[in-house]
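*Asks:*
In our numbering, the protein residues as written are 19 to 469.
#1: Taking 8 Å as the threshold (C-beta atoms), are residue 452 and residue 384 in contact?
#2: Between the alpha carbons of residue 125 and residue 202, how many angstroms are there, rounded?
#3: In the DSSP assignment, the beta strand (DSSP E) including residue 264 goes from what residue to what residue?
#4: Around the Cβ of residue 337, are there at least 16 other Cβ atoms within 10 angstroms (buried) or fewer (exposed)?
#5: When we look at the beta-carbon of residue 100 and count the other beta-carbons within 10 Å, is it buried (16 or more) or exposed?
#6: For the alpha helix (DSSP H) containing residue 422, list its first residue and its last residue.
#7: Ends of the alpha helix (DSSP H) at residue 108?
#8: Decide if residue 390 is buried, meaning its Cβ has at least 16 other Cβ atoms within 10 Å, or exposed.
#9: Can you tell me whether DSSP reads residue 35 as helix, strand or coil?
#10: Residue 369 and residue 353 look like a contact to me (Cβ under 8 Å); what is the Cβ gap, rounded to whole Å?
#11: Can you give me the Cβ contacts of residue 86 inside the same chain, cut-off strictly under 6 Å, excluding the 5 residues immediately before and after it?
#12: Quick check on the DSSP output: the alpha helix (DSSP H) that includes residue 162 runs from which residue to which?
#13: For residue 170, count the other beta carbons within 10 Å of its own beta carbon; 16 or more makes it buried, fewer makes it exposed. Which is it?
#14: So, helix, strand or coil for residue 315, using DSSP?
#15: Let me know the secondary structure DSSP gives residue 177 once reduced to three states.
#16: Let me know the alpha helix (DSSP H) ranges lying completely inside the segment 195–238, each 4 residues or longer, listed in chain order.
#17: How would you write the range of the alpha helix (DSSP H) that residue 53 sits in, first residue to last?
#18: Inspect the beta-carbon positions of residue 112 and residue 141 and report whether they are closer than 8 Å.
#19: Spatial neighbours of residue 264 within its chain, please: CB distance less than 6 Å, with the 5 preceding and 5 following residues excluded, ordered by chain position.
#20: Apply the 10 Å Cβ neighbour rule to residue 191 and answer buried if 16 or more other Cβ atoms are within range, or exposed otherwise.
#21: My output table needs one value for residue 381: the three-state DSSP class, helix, strand or coil.
#22: Assign residue 120 to buried or exposed, taking buried as 16 or more other Cβ atoms, counted over all protein chains shown, within 10 Å of its Cβ.
#23: Please state if the CB of residue 243 and the CB of residue 279 are separated by a distance shorter than 8 Å.
#24: If I follow the unbroken alpha helix (DSSP H) through residue 89, where does it start and stop?
#25: Using a threshold of 8 Å, state whether the C-beta atoms of residue 217 and residue 186 are closer than that.
#26: For the alpha helix (DSSP H) that residue 388 lies in, which residues bound it at each end?
#27: For residue 284, does the three-state DSSP call read helix, strand or coil?
#28: With DSSP run on the structure shown, which of helix, strand or coil describes residue 416?
#29: Count the other C-beta atoms from every protein chain shown that fall within 10 angstroms of the C-beta of residue 330, then say buried if there are 16 or more, exposed otherwise.
#30: Could you pull the start and end residues of the beta strand (DSSP E) that residue 279 belongs to?
#31: Report yes if the C-beta distance between residue 345 and residue 380 is below 8 Å; otherwise report no.
#32: Is the CB-CB distance between residue 422 and residue 395 below 8 Å?
#33: Tell me, which residues are paired with residue 333 by DSSP?
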């Protein structure tokens with residue numbers, strides 16, 4: 019079963035993973051508390067009450083908590099009920115509200131290394147929190163039928179991705195989730211690989227990515243489907259990726275706790291997502307009272323000519339090499355990339371040899387174009403890298419082959435030094451996420467050992 023106690027070691031590990039850029043928060047409705055008539059209530063309870071009044075739906079529930087699904091279903095049975103009306107009303111209500119940004123969102127926005135945020139809500143309060151703290155924000159959303167929105171390959175801004183759409187005027191069909199039926203439809207479409215954003219999906223399925231699910235509270239099998247939709251097959255790997263969950267419901271669901279025990283999950287035992295975020299913010303400020311300075315991923319800060327990764331490729335594979343370079347540089351990894359492939363004699367060979375020696379890692383792009391016996395310059399680069407590897411620590415692989423196309427690992431035209439190390443596979447630019455994350459982490463680890 020997940021731990022019943024959130025120990026100090028877990029807090030230290032969480033802060034360290036945040037510093038490394040491995041944490042992606044998933045913001046749920048329990049974080050959105052607002053002040054109404056001197057009382058703190060959940061935004062979506064307030065929204066349901068406002069929607070019921072706007073649609074003239076009678077509410078018998080005296081607890082103050084109302085279900086948007088129930089209100090919309092009641093409205094649909096009225097003779098005057100049009101399917102798009104509740105969605106347009108919700109957009110108008112959210113667009114006109116004047117609540118300040120809830121405290122938990124401001125806290126999360128103040129933790130600088132958190133760059134990618136997922137949200138299960140349809141409002142824009144998270145964007146507002148990030149804009150107030152950081153400036154411009156890239157706001158994206160999932161759609162069941164519209165264009166696929168995805169994180170840019172060279173995204174510099176913080177990103178908010180709305181898993182269930184965001185409130186917009188609706189001409190006919192709903193474009194965001196308000197009811198259980200909507201939620202089922204969006205969840206089903208998320209599992210369609212043609213609808214799922216490829217770059218974001220690659221990041222979510224990366225074993226180094228830790229999902230911090232805050233205030234989502236999905237019940238029964240929906241929580242399992244939600245987690246699987248984010249992680250896909252990686253959820254059931256021998257060593258699955260980490261999850262951290264803080265919400266009101268999970269701690270009370272023994273069946274879900276049993277499921278989490280088979281995953282690499284830590285559950286905040288108090289079950290209060292707002293309290294968890296406050297404690298996280300307090301500990302982050304104590305550790306970084308002057309703010310957080312992002313560590314450089316360069317091989318060295320003293321010599322700007324030295325690069326973390328040396329890319330070696332056949333000229334026929336320039337497109338693959340460019341795409342790999344772009345993906346690495348988008349994550350802050352410095353790359354030595356010979357754009358022109360100038361094969362110009364001894365002086366040039368000396369420059370290449372020096373850059374291979376100065377690099378933290380050597381990435382040969384192995385394709386059918388490299389499996390030839392003719393005299394080619396990439397063979398010179400390969401041989402220099404194999405020589406350089408002899409001077410590197412045994413426990414830190416220097417050569418990281420990236421393979422594309424139908425390649426036989428036992429092909430004798432592939433050097434033995436390449437064949438006996440782990441290969442990464444290039445299928446398309448969109449599936450480079452795991453390879454790029456591994457390179458970034460290897461560079462960080464090497465920099466840490468060097469200082």
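Backbone N, C-alpha and C define an ideal beta-carbon position, used for all residues, glycine too.
*Replies:* Working from what's here:
#1: Taking the first residue of the chain shown as 1, we reach residue 384 at position 366. Taking the first residue of the chain shown as 1, we reach residue 452 at position 434. No, Cβ-Cβ distance for residue 384 and residue 452 is not below 8 Å.
#2: In the chain shown, residue 125 corresponds to position 107, counting from 1. In the chain shown, residue 202 corresponds to position 184, counting from 1. Going from the Cα of residue 125 to the Cα of residue 202 covers about 31 Å.
#3: Here residue 264 corresponds to residue number 246 of the chain shown, with the count starting at 1. Residue 264 -> beta strand (DSSP E) spans 260–264.
#4: In the chain shown, the residue the question calls residue 337 occupies position 319. By the 10 Å Cβ count, residue 337 comes out exposed.
#5: On the chain shown, residue 100 is found 82 positions in, with the first residue counted as 1. Around the CB of residue 100, fewer than 16 other CB atoms lie within 10 Å, so the residue is classed as exposed.
#6: Position 404 of the chain shown holds residue 422. Per DSSP, residue 422 belongs to no alpha helix (DSSP H) and is neither H nor E.
#7: What you label residue 108 is simply residue 90 of the chain shown in a count that begins at 1. Element bounds for residue 108: 103–114.
#8: Here residue 390 is taken as the residue at index 372 of the chain shown, counted from 1. Around the beta carbon of residue 390, fewer than 16 other beta carbons lie within 10 angstroms, which makes this residue exposed.
#9: As a first step, residue 35 is located in the chain shown; it is residue number 17 there, counting from the start. Note: residue 35 maps to helix in three-state DSSP.
#10: Numbered from its first residue, the chain shown carries residue 369 at position 351. Numbered from its first residue, the chain shown carries residue 353 at position 335. Rounded, the Cβ-Cβ distance is 16 Å, inconsistent with contact.
#11: Residue numbering aside, residue 86 sits at position 68 when the chain shown is read from its first letter. So the list reads 66 and 196, once near-sequence residues are dropped.
#12: Indexing the chain shown from 1 puts residue 162 at position 144. Counting along the chain, residue 162 falls outside any alpha helix (DSSP H), and DSSP gives it neither H nor E.
#13: Here residue 170 corresponds to residue number 152 of the chain shown, with the count starting at 1. Under this definition residue 170 is an exposed residue.
#14: Start at 1 with the first residue of the chain shown, and residue 315 comes out as number 297. Note that residue 315 scores 34 on pLDDT, short of 50, meaning its location in the model is unreliable and no value can be drawn from it.
#15: The residue labelled residue 177 in the question sits at position 159 within the chain shown. Residue 177 falls in the strand class under three-state DSSP.
#16: Listed in chain order, the complete alpha helix (DSSP H) runs (minimum 4 residues) inside the segment 195–238 are 198–208 and 216–223.
#17: Taking the chain shown and counting its residues from 1, the one referred to as residue 53 is at position 35. From DSSP, residue 53 is part of no alpha helix (DSSP H) but of the beta strand (DSSP E) over 51–54.
#18: Indexing the chain shown from 1 puts residue 112 at position 94. Indexing the chain shown from 1 puts residue 141 at position 123. It is a contact, given that the beta carbons lie within the stated cut-off.
#19: Counting from one through the chain shown, the residue named residue 264 turns up at place 246. Take residue 264, set aside five residues on each side of it, and the residues of its chain with a beta-carbon closer than 6 Å to its own are 232, 286, 291 and 294, in chain order.
#20: Here the question's residue 191 lines up with position 173 in the chain shown. The residue in question, residue 191, is exposed, as its Cβ has fewer than 16 Cβ neighbours within 10 Å.
#21: Within the chain shown, the letter at position 363 stands for residue 381. In the three-state reduction of the DSSP assignment, residue 381 falls in the strand class.
#22: Here residue 120 refers to the residue found at position 102 of the chain shown. Classification of residue 120: buried, given that the 10 Å Cβ count is 16 or more.
#23: Taking the chain shown and counting its residues from 1, one reaches residue 279 at position 261. Taking the chain shown and counting its residues from 1, one reaches residue 243 at position 225. Annotated as distal: residue 279 and residue 243, with beta-carbon spacing of 8 Å or more.
#24: Locating residue 89 in the chain shown gives position 71, where the first residue counts as 1. 86–94 is the extent of the alpha helix (DSSP H) around residue 89.
#25: Against the chain shown, residue 217 aligns to sequence position 199. Against the chain shown, residue 186 aligns to sequence position 168. Not closer than 8 Å, so no.
#26: Taking the chain shown and counting its residues from 1, the one referred to as residue 388 is at position 370. Neither: residue 388 is in no alpha helix (DSSP H) and is coded neither H nor E.
#27: Along the chain shown, read from residue 1 onward, the residue named residue 284 stands at position 266. Residue 284 falls in the strand class under three-state DSSP.
#28: To locate residue 416, count along the chain shown from 1; it is residue 398. Of the three classes helix, strand and coil, the one that applies to residue 416 here is coil, per DSSP.
#29: Here residue 330 corresponds to residue number 312 of the chain shown, with the count starting at 1. Buried, because 16 or more other Cβ atoms sit within 10 Å of the Cβ of residue 330.
#30: Here residue 279 corresponds to residue number 261 of the chain shown, with the count starting at 1. Where residue 279 is concerned, there is no enclosing beta strand (DSSP E), given that its DSSP letter is neither H nor E.
#31: In the chain shown, counting from the first residue as 1, residue 345 sits at position 327. In the chain shown, counting from the first residue as 1, residue 380 sits at position 362. No.
#32: Residue numbering aside, residue 422 sits at position 404 when the chain shown is read from its first letter. Residue numbering aside, residue 395 sits at position 377 when the chain shown is read from its first letter. Residue 395 sits away from residue 422, with the two beta carbons spaced by 8 Å or more.
#33: If you number the chain shown from 1, residue 333 lands on position 315. In the DSSP output, where bridge partners are listed per residue, residue 333 has none listed.
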